[in-house]
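**Student:**
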């Protein structure tokens, strides 16, 4: 991954609601994590373009041990989805686009 690229990985294990600023999306519907990840990409892509990569990973389709840090967090009781930014754990239990964008702004300023 190029040094200036920002990688967001969303590890799935259950359905969630995408939120903006801590509130459910405007239609209030629960979305599957994969759909919420695609929506997150749309929201952030407008600002970050090709500097951003967003990946959805369904851990149910991977062998146990493929992602040791994800396995450890899940065993500790962290709720899916688990969000990592540049391979560092960021949040569990949902996709909060506002919090993720705030973190990306800090990362972008540091680069």
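In our numbering, the protein residues as written are 104 to 214. Virtual Cβ for every residue (Gly too), placed ideally from N, Cα, C. What you are looking at is a predicted structure, and each value in this text was computed from that prediction instead of being measured.
Which residue wins for smallest C-alpha separation from residue 116, given the options 203, 196, 212, 214?
**Tutor:** Numbered from 1 along the chain shown, position 13 holds the residue referred to as residue 116. Comparing Cα-Cα distances from residue 116 to each of 203, 196, 212, 214, the minimum goes to 196.
**Student:** Closest by CA to residue 185, which one among 201, 158, 214, 107?
**Tutor:** As a position in the chain shown, residue 185 is number 82, starting the count at 1. For the residues 201, 158, 214, 107, the minimum Cα distance to residue 185 belongs to 158.
**Student:** Within a Cβ cutoff of 7 angstroms, which residues of the same chain sit near residue 168, ignoring the five residues on either side of it in sequence?
**Tutor:** Working through the chain shown from its first residue, we reach residue 168 at position 65. Correct list, in chain order: 174.
**Student:** Restricting to Cα atoms, I'd like to know which of 194, 189, 170 is closest to residue 181.
**Tutor:** Residue 181 sits at position 78 when you count from the first residue of the chain shown. Considering only alpha carbons, the answer is 194.
**Student:** Determine the DSSP secondary structure at residue 147, reduced to helix, strand or coil.
**Tutor:** Here residue 147 refers to the residue found at position 44 of the chain shown. Here residue 147 sits in helix by DSSP.
**Student:** Tell me the DSSP secondary structure of residue 103 in three-state form.
**Tutor:** This structure cannot speak to residue 103, because the chain is shown only from 104 to 214.
**Student:** The alpha helix (DSSP H) spanning residue 174 covers which residue range?
**Tutor:** The count along the chain shown starts at 1 and reaches residue 174 at position 71. Element bounds for residue 174: 171-178.
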